[in-house]
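Please read the structure below before turning to the comments.
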Amino acid sequence: FFPIPGTALLPVVAFPFEDIYIDRRHILHTLTKREQKIVFYFALLTASLGIGGIRAIVCPLSAYNLEDCGPKELLSFFNWFYWLINLNSAVVFVIISYIQQSVARNLGFLIPLVSVLMAMVTIYMVRGEMIYKPKTDSSLLTTFGVIANALRTCCVRYRYFSGGMANWLDHAKENYGGQYSETQVESTKSLARLFPLFTFQILYRTCIMQIPSGYYLQTMNSNLHFSGFVLPVAAMNVISIVPLLILVPILECINSCFFGFKDAGQFPTIYIVVGQLSAALSVMVAGFSEIHRKHFPQVEQMLSEEVLLVSSMPCFHLAPQYILLGVAEALVTPSCSLLSFRLVPERIRGISMHFLTLFNGAGCFMGAFFVQTVHTGTQGNWFPHLLHEGKLERFFFFLASLMMVNTLGFWTIAHRYVYNLNREYTNEFKGSLPEEKLLKDEKAIKHYDSVLESSPILSSMKKT
Numbered sequence: 005f006f007p008i009p010g011t012a013l014l015p016v017v018a019f020p021f022e023d024i025y026i027d028r029r030h031i032l033h034t035l036t037k038r039e040q041k042i043v044f045y046f047a048l049l050t051a052s053l054g055i056g057g058i059r060a061i062v063c064p065l066s067a068y069n070l071e072d073c074g075p076k077e078l079l080s081f082f083n084w085f086y087w088l089i090n091l092n093s094a095v096v097f098v099i100i101s102y103i104q105q106s107v108a109r110n111l112g113f114l115i116p117l118v119s120v121l122m123a124m125v126t127i128y129m130v131r132g133e134m135i136y137k138p139k140t141d142s143s144l145l146t147t148f149g150v151i152a153n154a155l156r157t158c159c160v161r162y163r164y165f166s167g168g169m170a171n172w173l174d175h176a177k178e179n180y181g182g183q184y185s186e187t188q189v190e191s192t193k194s195l196a197r198l199f200p201l202f203t204f205q206i207l208y209r210t211c212i213m214q215i216p217s218g219y220y221l222q223t224m225n226s227n228l229h230f231s232g233f234v235l236p237v238a239a240m241n242v243i244s245i246v247p248l249l250i251l252v253p254i255l256e257c258i259n260s261c262f263f264g265f266k267d268a269g270q271f272p273t274i275y276i277v278v279g280q281l282s283a284a285l286s287v288m289v290a291g292f293s294e295i296h297r298k299h300f301p302q303v304e305q306m307l308s309e310e311v312l313l314v315s316s317m318p319c320f321h322l323a324p325q326y327i328l329l330g331v332a333e334a335l336v337t338p339s340c341s342l343l344s345f346r347l348v349p350e351r352i353r354g355i356s357m358h359f360l361t362l363f364n365g366a367g368c369f370m371g372a373f374f375v376q377t378v379h380t381g382t383q384g385n386w387f388p389h390l391l392h393e394g395k396l397e398r399f400f401f402f403l404a405s406l407m408m409v410n411t412l413g414f415w416t417i418a419h420r421y422v423y424n425l426n427r428e429y430t431n432e433f434k435g436s437l438p439e440e441k442l443l444k445d446e447k448a449i450k451h452y453d454s455v456l457e458s459s460p461i462l463s464s465m466k467k468t
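Numbering (the numbering used here) for the sequence shown: 5 to 468.
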């Protein structure tokens, strides 16, 4: 529902009211700047809510049909899933961006509205095949309940039972005085092991978001003319999509040849490390490209009916940084989706994918926070009104340094996510056998007896 009002209000903002709504007194009925901002931001909010819901639901919903398949098939699914998404994005960036910039902005916004309506009709027609009912004890409230119960029990009984448990979440188990079954607690523990992986994706997503922010500013302030034709600014995004469209078939061949080997469990983590290095290198190249861009003389360029003073450097000089980010996306995103889906039990796979989407969104907010903080800290020196007078390259170098540290941090914990690709996840719970439970209970009782014997109060009571 949310994408419909969002995409419907965007054409309203760009609609040329002054050409149509003129009364008998020849008074122009246009939206004021304040009204345009309100409508525009409300449209963006509703559209983003709808897009976030679609991204968090469609991919896990499609992957549920592959729960009985192996990791090779899952990785192939995620590769081609994101390949199709980026193929659609390439069409959008080439066609719709050209219409918005060179033909009519309101028409460019109207096309997504029609597309969303057609998609909603299609989903409604096949809604019967898209219904998935998860397990009753696999809700997000259950996951948070396990964490809250473990914290509460841990704080109350820490003095007596902390030494007998390998994980603090075990305090939520029924046999340790908690309120949840061992299956529920073990599922939550498997999800908690993925939080470091999700956290290291925040800064990576911040680098990816430089395409519509920092890289967009660079492209807009470069020469967009090509053989007498003015390229749309968003067309440069296609350069970042082309490597992904090329690499996915190549990665499919590599996975088909080597995924059956014993060390194949290292492939996803290797892909993530290499992809994050590529993202860091892309931002670093963007910094050098910004220095290179300033060496060219400035020229006037017409863009969206406005004359801008830009660098005469051709925009294609910025292609390497876009290509490197495209390589990063081809390696990181499918691998993270595979680990998030495969390393948790079937009952909470949807929750795991939702958390991955949540942390990816947090990376976007982190990028906006960095820009605002840097702009305030440098008093607009790095992000001035005229880009050639600023120091945007310093921001890129700063972000590249953070990304290198982020990559090294993930590399140190990557061994946690190296697993046997051919094993079933039910082996995760082989510690729940009755004999092993009895051993744990006996250890807890012995530990409790030792505490009672060492207590001076109880010793004096025993003597009396």
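Virtual Cβ for every residue (Gly too), placed ideally from N, Cα, C.
Taking Tyr-208 and Gln-280 to be in contact with their CB atoms under 8 Å, please state how far apart those CB atoms are, rounded to whole angstroms. 5 Å
Close Cβ partners of Ala-323 (< 7 Å) along its chain, the five nearest in sequence each way excluded: Ile-243
Please work out which residues of its chain come closer than 7 Å, Cβ to Cβ, to Cys-368, disregarding the five sequence neighbours upstream and downstream, and give them in chain order. Arg-209 and Met-213
How close, in whole Å, do the beta carbons of Phe-204 and Asn-364 come, if the pair is a contact with beta carbons under 8 Å? Their Cβ separation, rounded to whole angstroms, is 12 Å, which puts Phe-204 and Asn-364 out of contact at 8 Å.
Per-residue DSSP class, three states only, for Phe-387: coil
Ignore the nearest five residues each way along the sequence and tell me which others in Ile-245's own chain have a CB closer than 7 Å to its CB. Asn-90, Ser-93, Ala-94 and Gly-330
Does DSSP classify Val-130 as helix, strand or coil? coil
Of all the options Ala-196, Glu-77, Asn-241 and Arg-351, which has the alpha carbon lying nearest to the alpha carbon of Val-96? Asn-241
Quick check on the DSSP output: the beta strand (DSSP E) that includes Val-314 runs from which residue to which? 310-315
Quick one: complete alpha helix (DSSP H) runs, 4+ long, within the segment 170-256? 186-196, 199-212 and 218-224
Out of Tyr-326, Lys-76 and Ala-404, which has the shortest C-alpha to C-alpha gap to Ser-288? Per the sequence shown, residue 288 should be read as Met rather than Ser. Per the Cα distances, Ala-404.
Could you work out which residue in Met-408, Ile-99, Gln-302 and Tyr-86 is closest to Ile-115 when comparing CA atoms only? Ile-99
Please classify Cys-159: is it buried, with 16 or more other beta-carbons within 10 angstroms of its beta-carbon, or exposed? exposed
Can you round the beta-carbon distance between Ser-344 and Leu-198 to whole angstroms, since I take them to be within the 8 Å contact cut? 6 Å
Label Leu-456 either buried or exposed according to how many other C-beta atoms from any shown protein chain fall within 10 Å of its C-beta, with 16 as the threshold for buried. Caution applies to Leu-456, whose pLDDT of 45 falls short of 50 and renders its modelled position unreliable; the model cannot decide the point.
Counting pairs of Cβ atoms below 8 Å between the segment 77-91 and the segment 342-359, do you hit three or more? yes
Cβ shell of Phe-401 (< 6 Å), same chain only, five flanking positions each side left out: Gly-291
By DSSP's criteria, Met-306 is part of a beta bridge. Which residues make up the other side? Val-311
In angstroms, rounded to a whole number, what distance separates the CA positions of Met-408 and Ala-284? 6 Å
Buried versus exposed call for Leu-313 [16 or more other C-beta atoms within 10 Å across all chains shown]: exposed
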